[in-house]
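Below you'll find the structure, written out as structure tokens, and then a few comments.
Number of protein chains: 2
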Amino acid sequence: MQSYTEENYLKVIYHLSEISNPVQTNAIAERIQTKAASVTDMIKKLSEKELVNYVKYQGVTLTEKGKLTAINIVRKHRLWEVFLVDKLNFKWDEVHEVAEELEHIQSSLLIERLDEFLEFPKVDPHGDPIPDQHGNFAELAFVKLSKLSPSEKGTITGVSEHSSAFLKHLEKLGLTLGKRIEVLEVIEFDGSVALDVEQQKINISREVAKHILISKY
Amino acid sequence: MQSYTEENYLKVIYHLSEISNPVQTNAIAERIQTKAASVTDMIKKLSEKELVNYVKYQGVTLTEKGKLTAINIVRKHRLWEVFLVDKLNFKWDEVHEVAEELEHIQSSLLIERLDEFLEFPKVDPHGDPIPDQHGNFAELAFVKLSKLSPSEKGTITGVSEHSSAFLKHLEKLGLTLGKRIEVLEVIEFDGSVALDVEQQKINISREVAKHILISKY
DNA sequence: TTATTATTTTAGACAAATCTAAAAATTTTA
DNA sequence: TAAAATTTTTAGATTTGTCTAAAATAATAA
């Protein structure tokens, strides 16, 4: 069994390793809001427990065991987010912090019953997939909006950035889950994208486009 | 804001002070599964934060501030128990440990929404009353006999345990529906209760008293 | 390819919560 | 009421997770 803190490190390493692998000490420190020295200490501890592979100065990767633990926390986090939005009427930009706490509750009975109560959801309110109890993700076909070319169409099915600033920005632009979009133009100068959303032409920066997930069907 | 550990101490002191006030160091140590020395340390800390009144060797009482904090944790615990039983089909004897964890989640929005979702329950699955967000308990038609203080009177109007062993025990003691009782004394040692029933003085354990419901009118 | 800069690790310290062992205070018993 | 037993507190140590400052390593630039 891992401590609350250890769980947080594993989760953060899991998320960061989707961007780059192995994960750097400083990247973890920034995400966890702590100092690099503290990260090194914790990494050593996780390494002794065989939850991560660690080579000095080279960064960390999760072991199979560490990855399963991390995915389990992600599962709990996303199920709780569904609960908060579907049952308690939280808005999608209000759920993250509370789910950060709830994800550490230790009871597999609780989480399986919650899954059932929510009718086995496959994605969370941000469109991120929810793994099953064995750590397997359902196959979901989506692409970053920033990867689409002019004239390509699709439906917004998720985001890969969950700060409330970002989510509020999207709401203001009318870019919410389920909306149908078409790419009109990709500006060479800065990579920004011109879109058609419900007959409205809007422009978004490449930074924003990168975090919008599109299903092409 | 209090730590997880501080919250636990406050909650335990709150519950123990219903049996005897002030609360002894050893009583807390036993409940929290720790050593008396550790309790003394924590009590000093809580005292500095003005959450408890502490006199060396005399035990502790909660301050108004400490009591409110404790009641708030009790509120959260009981609301989560209702959720687990009513929504996730937990049995009433499976909920306690999970609720012990859930009660420490910090989000008043969460707890108010949960209250609403559960349709503002007044009692938890064990029949214990759920205080409102200001720490007030609703006046209930029934009170557990174990909650009465010396000299309080009432009429036996129900039980919250239906095993035949328990019911036979009550018959033997003459504690049947409709009988008028008066609490003579609550024994500090084990929380057992001395009663007057039809001019007879009898003693019952706290465990039994907990399952006898009294109407005070 | 050496110098500079950035990143990471080590060493030693600190705060929170706990522990053991011994001392102090209180309560009970004789 | 003095001795014995119990309860509580103190003193000093330990564990977990963190920190600062300095040293080591790696990456980048001249």
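Chains as they are written, first to last, in this note's numbering: chain Y, 9 to 225; chain B, 9 to 225. Where a beta carbon is used, it is the ideal one built from N, C-alpha and C, also for glycine.
Below 8 Å on the Cβ atoms is my guess for residue i versus residue j; work out the distance and round it to an integer in Å.
| i | j | result |
| --- | --- | --- |
| residue 219 of chain Y | residue 168 of chain Y | 5 Å |
| residue 187 of chain B | residue 163 of chain B | 7 Å |
| residue 137 of chain B | residue 79 of chain B | Residue 137 of chain B to residue 79 of chain B, Cβ: 11 Å. No contact. |
| residue 15 of chain B | residue 81 of chain B | 6 Å |
| residue 133 of chain B | residue 93 of chain B | 4 Å |
| residue 205 of chain Y | residue 195 of chain Y | 17 Å between Cβ atoms; not a contact. |
| residue 60 of chain Y | residue 54 of chain Y | 5 Å |
| residue 158 of chain B | residue 203 of chain B | Actually they do not touch by this definition, with Cβ atoms about 10 Å apart. |
| residue 182 of chain B | residue 208 of chain B | 7 Å |
| residue 109 of chain Y | residue 114 of chain B | 7 Å |
| residue 95 of chain Y | residue 125 of chain B | 6 Å |
| residue 65 of chain B | residue 52 of chain B | Wrong, their Cβ atoms sit about 13 Å apart, outside the cutoff. |
| residue 224 of chain B | residue 151 of chain B | 6 Å |
On the criterion of 16 or more Cβ atoms from any shown chain inside 10 Å, does residue i qualify as buried, or is it exposed?
| i | result |
| --- | --- |
| residue 100 of chain Y | buried |
| residue 128 of chain B | exposed |
| residue 122 of chain Y | buried |
| residue 116 of chain Y | exposed |
| residue 171 of chain Y | exposed |
| residue 9 of chain B | exposed |
| residue 36 of chain B | buried |
| residue 142 of chain Y | exposed |
| residue 185 of chain B | exposed |
| residue 146 of chain Y | exposed |
| residue 197 of chain B | exposed |
| residue 201 of chain B | buried |
| residue 154 of chain Y | buried |
| residue 149 of chain B | exposed |
| residue 111 of chain Y | buried |
| residue 12 of chain Y | exposed |
| residue 173 of chain Y | exposed |
| residue 199 of chain Y | exposed |
| residue 102 of chain Y | buried |
| residue 217 of chain B | buried |
| residue 222 of chain B | buried |
| residue 27 of chain Y | exposed |
| residue 107 of chain B | buried |
| residue 43 of chain Y | exposed |
| residue 84 of chain Y | buried |
| residue 25 of chain Y | buried |
Looking at the structure shown, is residue i part of a helix, part of a strand, or coil, going by DSSP?
| i | result |
| --- | --- |
| residue 221 of chain B | strand |
| residue 210 of chain B | strand |
Consider the C-beta atom of residue i and the heavy atoms of the ligand GDP; say whether any pair is separated by less than 7 Å.
| i | result |
| --- | --- |
| residue 76 of chain Y | Within the structure as shown, the ligand GDP is missing, as the structure has no ligands at all. |
(message) Under 8 Å, with one C-beta from each stretch per pair, do the region 16–36 of chain B and the region 56–73 of chain B reach the 3-pair mark?
(response) The region 16–36 of chain B is in contact with the region 56–73 of chain B.
(request) List in chain order: all unbroken beta strand (DSSP E) runs of 3+ residues lying wholly within the region 156–204 of chain Y. (result) List check, beta strand (DSSP E) in window: 161–167 and 188–194.
(request) Output the residue ranges of the alpha helix (DSSP H) runs that lie fully inside the region 37–107 of chain Y and measure 4 residues or longer, sorted by chain position. (result) 44–56 and 72–94, all fully within the region 37–107 of chain Y.
(message) Quick check for students: name the residue ranges of the beta strand (DSSP E) that lie wholly in the region 120–145 of chain B, counting only runs of 3 or more.
(response) Listed in chain order, the beta strand (DSSP E) elements of length 3 or more contained wholly in the region 120–145 of chain B amount to none.
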